[in-house]
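Numbers 1 to 112, taken from full-length UniProt numbering, label the letters of the sequence shown in order.
Glycine included, each C-beta is placed from N, C-alpha and C at the ideal position.
Some notes on the structure that comes next.
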Amino acid sequence: MGSGSLAAMAIFESGWRPDMKREEAVALVVQAIEAGIFNDLGSGSNVDACVIMATHTDYLRNFVRPNERVEKERKYGFRRGTTAWTSEKVRTFVVDEKVTPLATEGEAMDTS
């Protein structure tokens, strides 16, 4: 279970019912996975589903792509002087700490 599972489980718990048709069940799975994708920044970008039957299994890879990834430019060159600043201030911070030693009385911890 990943980080989007809470949102997905909320959809499953509210939408599941006994004797669902295959199309209804797959649509519920898609809706649940999309909830996980869009309500959690760490979740993926496409929906994979798997329908398991007594005789065979259908893998639905990239069944829905609600958040299509695009190729990045990777051209982030900024000319010198394009990022301006209004002022510059240099500060020196001095930290004054007082260390209070702990009392060492008491029994030693049993490490056996």
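Residue i, buried or exposed, once every other Cβ within 10 Å from all chains shown has been counted against 16
i	result
Ser43	buried
Val99	exposed
Glu97	exposed
Ile11	buried
Ile33	buried
Limits of the unbroken alpha helix (DSSP H) element including residue i
i	result
Trp22	The question names Trp, but residue 22 is Arg in the sequence shown. Unbroken alpha helix (DSSP H) run through Arg22: Arg22 to Phe38.
Ala8	Ser5 to Gly15
CA-to-CA distance, residue j to residue i, given in whole angstroms
i	j	result
Val94	Phe63	59 Å
His56	Leu41	34 Å
residue 113	Val26	Residue 113 is absent from the model: the chain starts at 1 and stops at 112.
Val30	Val47	6 Å
Arg65	Trp85	42 Å
Arg74	Glu24	42 Å
Asn67	Lys89	43 Å
Leu60	Asp19	21 Å
Extent of the continuous beta strand (DSSP E) to which residue i belongs
i	result
Phe63	Thr57 to Val64
Asp96	Segment: none, Asp96 is in no beta strand (DSSP E) and carries neither H nor E.
Val47	Val47 to Ile52
Residue i beta carbon near the ligand MG (any heavy atom closer than 7 Å)
i	result
Thr83	Here there are no bound small molecules, and the ligand MG is not part of this structure.
Whole-Å CB distance - residue i paired with residue j, under 8 Å assumed
i	j	result
Gly36	Ala7	5 Å
Gly4	Asn39	7 Å
Arg69	Ser45	5 Å
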